[in-house]
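Residue numbers (my numbering), protein chains in the order written: chain A, 240 to 353; chain B, 180 to 290.
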């Protein structure tokens with residue numbers, strides 16, 4: 240069975256640009272969460288979506304937005320990119336919104352802002 | 180005070196050693212406690228999770244939670260070079276979507 244898949248794996252963007260990252264959860268999983276991991280730090284929670292509704296939001300500016308589609312895949316959008324947005328962006332899926340003890344992560348999208 | 184504190188290491192041990200990795204947390208309401216392994220440039224991989232206090236064993240790995248002291252541990256027996264990775268502890272509130280992670284401890288097991 241396929242795990243959580245994220246695309247693209249690597250991305251280089253210029254300051255001020257916009258980026259869209261994509262995530263496909265494990266088959267049967269309805270909850271998707273997004274995390275940002277800066278080098279040398281643990282992942283930081285950005286969003287959680289369940290059944291296409293936002294269920295949680297971390298302490299990130301409004302430049303960050305996300306959505307979930309009927310097939311439970313998800314997109315994370317970041318506008319007006321800053322150098323500090325350079326990080327590994329991780330998507331995690333879980334069976335439902337309560338099952339976060341068993342969240343499975345994708346390989347991440349490494350975003351570099353220059 | 181950070182919600183989850185974890186010594187970033189690095190930690191270097193010889194093959195076959197017993198490894199002890201530790202985290203402390205500040206919120207006594209945290210209920211689930213997870214350990215993830217992250218290889219370089221990869222996503223975190225869930226090793227095991229425990230609910231509330233107690234021990235849980237899975238092969239060479241044992242997770243331990245002491246809620247009275249807000250202390251969580253992961254023990255690795257008979258460590259192997261393939262165990263070389265960054266180990267992340269994480270926790271969350273019951274019913275909460277948000278996982279709170281430590282910084283991670285970088286472990287190297289030398290052959």
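Backbone N, C-alpha and C define an ideal beta-carbon position, used for all residues, glycine too.
What residues in its chain sit with their C-beta under 6 Å from that of residue 323 of chain A, if we drop five residues either side in the sequence?
-> Taken in chain order, the list of residues that qualify is empty.
Per DSSP, residue 156 of chain B is paired with what?
-> It is not possible to answer for residue 156 of chain B, since the shown part of chain B is limited to 180 through 290.
Near residue 281 of chain A, which residues of its chain fall below 8 Å by C-beta distance, leaving aside the five closest residues on each side in sequence?
-> Within the same chain, residue 281 of chain A has no close Cβ partners at all.
Counting along the chain, where does the beta strand (DSSP E) carrying residue 277 of chain A start and finish?
-> That residue, residue 277 of chain A, is in no beta strand (DSSP E); it is neither H nor E in DSSP.
What's the gap between the Cα of residue 197 of chain B and the Cα of residue 278 of chain A?
-> Whole-angstrom Cα-Cα distance: 27 Å.
How about residue 329 of chain A: is its C-beta nearer than 7 Å to some C-beta of chain B?
-> True, the Cβ-Cβ gap to chain B drops below 7 Å.
With DSSP collapsed to three states, give me the class of residue 324 of chain A.
-> DSSP places residue 324 of chain A in helix when its eight states are reduced to three.
Please name the residue, chosen from A:262, A:255, A:247 and A:310, that lies closest to residue 343 of chain A on a Cα-to-Cα basis.
-> By alpha-carbon distance to residue 343 of chain A, the top candidate from A:262, A:255, A:247 and A:310 is A:262.
What are the residues of the region 232–263 of chain B that lie near chain A, defined by any Cβ-Cβ distance shorter than 9 Å?
-> Identification of residues in the region 232–263 of chain B having a C-beta nearer than 9 Å to some C-beta of chain A yields an empty set.
Beta-carbon proximity list for residue 256 of chain B, same chain, < 7 Å, skipping 5 on both sides | Only 197 and 239 meet the Cβ criterion.
Kindly indicate if chain A contains any beta-carbon less than 7 Å away from that of residue 267 of chain B.
-> It does; some Cβ of chain A falls within 7 Å.
Residues of chain A with a CB under 7 Å from the CB of residue 281 of chain B: which are they?
-> Here the neighbours are 281.
Using a Cβ-Cβ cut-off of 6 Å (strictly less than) and excluding sequence neighbours within five positions of residue 295 of chain A, which residues of its own chain qualify?
-> So the qualifying residues of the chain are 287.
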